[in-house]
Structure formats: structure tokens, C-alpha cells
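Let me begin by presenting the structure, written as C-alpha cells, before commenting on it.
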Amino acid sequence: MESMNTLLFERLMRDTVQSDSGCWEWQRCKNPAGYGRVGLRGHDWIAHRLMWFCWHESDPGEAYVLHTCDNPACINPDHLFLGTQADNISDMCAKGRQHTAYSSETLNRIQQWWTPERRAAKGELYLARVRKQHNEAALAAGVPTEHKRCPSCEQWLPREAYHLNARRFDGLCSYCKSCRAVRHKAQYHSHG
Ligand SMILES: [Zn+2]
Ligand SMILES: [Zn+2]
Numbered sequence: 003m004e005s006m007n008t009l010l011f012e013r014l015m016r017d018t019v020q021s022d023s024g025c026w027e028w029q030r031c032k033n034p035a036g037y038g039r040v041g042l043r044g045h046d047w048i049a050h051r052l053m054w055f056c057w058h059e060s061d062p063g064e065a066y067v068l069h070t071c072d073n074p075a076c077i078n079p080d081h082l083f084l085g086t087q088a089d090n091i092s093d094m095c096a097k098g099r100q101h102t103a104y105s106s107e108t109l110n111r112i113q114q115w116w117t118p119e120r121r122a123a124k125g126e127l128y129l130a131r132v133r134k135q136h137n138e139a140a141l142a143a144g145v146p147t148e149h150k151r152c153p154s155c156e157q158w159l160p161r162e163a164y165h166l167n168a169r170r171f172d173g174l175c176s177y178c179k180s181c182r183a184v185r186h187k188a189q190y191h192s193h194g
């Protein structure tokens, strides 16, 4: 049985691309602050708040839904937490922050909603969709499903062409080895 929240989750995932950092980046409309926008039932919604709602099956209400990753377009529920406006302001002021202090009330609320079962079920749903999209794309490109497309050079390459990354659903980095080397070099130089 598919609940409304499951359908909403699926819809949000359709317009999301997972980045190397694990962010689920919203690909469609964004507001001036960089937050994803979703048109639903004649209203404008903020994508990461909608994700919070359907993941936790709980309305954030007056609370702010904040990012641990400082990426406003990200809707990965692992990167979202509830906070007050004061949290929001200190969050925006904090630079280079790794962790944000949660109030115990917020923590309780998160733990209460975010059971391992719920997390696993939503994770499986996400993986199933990603795998299906991958297999369809490989089929359309006429390559074996073991191949993976590098978004930088746009080539379908065998698994050996990618470094391993245990945090990713397929266990591989998103860019192929040579594109990754070029990107890392560029990043190194841009930091002086
Ligand atoms: Zn993120
Ligand atoms: Zn590449």
C-alpha cells in the first residue's frame, strides 16, 4: 500500500540528484535563497520542508527546517533538522560548522519519528528508484547495466573506471577516475 507520504517522497526524489557529498540536490525551481520550490495543489511549497514532512510524517509547523550541510537546495532528510528562528540565525552566522546543537526537545522529536524501520523503508524506496533509473538509462544507451555513466565526460564506463565510495548506493564515486582527478586538481588550485 502506498501512502500519500510515499507518493510525495517519490515525487520529490524524481527531481533530485545525489551529489558526491551525499546531498540530494533539488534540480527544479528555486527561490532567491536557493531553496527548492514545489508547486502542489495550487500552492508554493519549500522542497526541504516538504521532505521533512513526508519523511517524519510530522508537520514542522512553526519550526524552521535547517541544513547541517549548508546546501539550501539539499532535501536529504539526513541533512535536515528542526530548529527555532534563533537556531536559524546562529546557523546562518556559523561558518565551517560541523555539528549544530539540538535542543533535547528537538532531539526527542527526531528520534521518536525517525525509527530505524522508517529510515530503512524510505532508503530502500530511494535505492529501488535509483537502480531502476540506472538500468533504464543503461538499456537506452545500449551498454551493460554494470556500466555507469560519468556526468562529467558523459561516457558509460565499467566499474573499474571509478574509485570506490562506500557511502554511495552503488559503492562507486559519481565521477570517473580521470574526471575526478581533474576536478580535485581544479579545487586544489582554486584554494590557492
Ligand atoms: Zn545536504
Ligand atoms: Zn568522466
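So for the sequence shown, my numbering puts the first residue at 3; every next one is plus one.
C-beta: ideal position from N, C-alpha, C; glycine also.
Local Cβ density within 10 Å of residue i, reported as buried at 16 or more and exposed below that
i	result
Gly38	buried
Gly85	buried
Leu82	buried
Ser176	buried
His45	exposed
His186	exposed
Residue i: CB within 8 Å of a non-hydrogen atom of ligand 1
i	result
Trp26	yes
His81	yes
Cys31	no
Ser176	no
Asn167	no
Thr147	no
His69	yes
Ser60	no
Identity of the residues DSSP links to residue i by a beta bridge
i	result
Thr18	Trp28
Tyr128	Per DSSP, none; premise fails for Tyr128.
Arg133	According to DSSP, Arg133 bridges with nothing at all.
**Request:** Determine, using beta-carbon pairs with one atom in the region 26-45 and one in the region 138-151, whether at least three such pairs fall under 8 Å.
**Result:** Because the criterion of three Cβ pairs below 8 Å is not met, the region 26-45 and the region 138-151 do not touch.
Quiz prompt | Residues whose Cβ lies closer than 5 Å to any heavy atom of ligand 2, in chain order | solution = Cys152, Ser154, Cys155, Cys178 and Cys181
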